[in-house]
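Read through the structure below, which is laid out as structure tokens, and then see the notes.
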Ligand code: SF4
């Protein structure tokens, strides 16, 4: 009986988590996504297209926790805004239009969903919440990829809604310390510079050549557990992964 009860409860909770995730993420548009553009390694992005990852219960639980936190910490009416931008033609498109396009017509399009847009004094600020496990470590500055992510949202927001947000803010919530909060505001990069960055990354992503391996914290195993955070290490080594490790 005990094992029947346990199985019933586990299955029910997993089902409820999956239902919440389905409702929250909906159908993912078949375009590039902002997360692709801010990845420290373009080769990893290529592999994630070639070998889509399976969702195990651990990943589902991590995503679920993120969805619940985001769902209940909305900072303004302007939250969870999904925007699409055609990088090659420098114009915005609605997600509804993009959903109807054939795959070949979406190769120059990027989609992003910003968490919150707030107004402080006379300025708009793009805010993004990140959960992480600090285990005693306190963030003092935002990660480079998180800054880039908000720079790209600035472009998408301006092109989609004509709103220019000069500031960004990352809110780090430490899951290992009762969601201890670190709020880090900063000035965003100018739109022209970010558009150029996006064109350069798009060229790499659409190139038939395998992007070069960029070894960073994702796979240099220089962490407490000596863990590789890239799930494509085997495929990468098969393609000739350089052992030249740059400073982190
Ligand atoms: S193992 Fe490292 S270099 Fe290779 S794809 Fe993954 S992140 Fe990139």
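In the numbering used here, the protein residues as written are 120 to 367. All C-beta atoms, glycine included, are put in the ideal place defined by N, C-alpha and C. Keep in mind that this is a model prediction, so the values were computed, not measured.
Inter-residue spacing [alpha-carbon to alpha-carbon] between residue i and residue j
| i | j | result |
| --- | --- | --- |
| residue 174 | residue 304 | 33 Å |
| residue 163 | residue 351 | 7 Å |
| residue 348 | residue 159 | 12 Å |
| residue 247 | residue 223 | 31 Å |
| residue 268 | residue 284 | 13 Å |
Which of helix, strand or coil DSSP assigns to residue i
| i | result |
| --- | --- |
| residue 245 | strand |
| residue 335 | coil |
| residue 313 | helix |
| residue 122 | helix |
| residue 234 | strand |
| residue 139 | helix |
Whether residue i touches residue j by CB criterion (8 Å)
| i | j | result |
| --- | --- | --- |
| residue 251 | residue 299 | no |
| residue 235 | residue 279 | no |
| residue 213 | residue 203 | yes |
| residue 324 | residue 161 | yes |
| residue 249 | residue 286 | no |
| residue 227 | residue 245 | no |
| residue 232 | residue 200 | yes |
| residue 125 | residue 217 | no |
Endpoints, the alpha helix (DSSP H) within which residue i is located
| i | result |
| --- | --- |
| residue 357 | 352 to 357 |
| residue 275 | 263 to 280 |
| residue 153 | 153 to 156 |
Residue i - containing beta strand (DSSP E), residue span
| i | result |
| --- | --- |
| residue 290 | 286 to 293 |
| residue 306 | 299 to 306 |
| residue 169 | First-last for residue 169: 161 to 169, but that is the alpha helix (DSSP H), not the beta strand (DSSP E). |
Below-8 Å beta-carbon distance, residue i vs any chain D residue
| i | result |
| --- | --- |
| residue 171 | Of the chains in the structure shown, none is chain D; there is only one protein chain. |
Whole alpha helix (DSSP H) elements within the stretch 171 to 226, 4-residue minimum: Taking only runs of at least 4 residues, the alpha helix (DSSP H) segments lying wholly in the stretch 171 to 226 are 176 to 190, 214 to 218.
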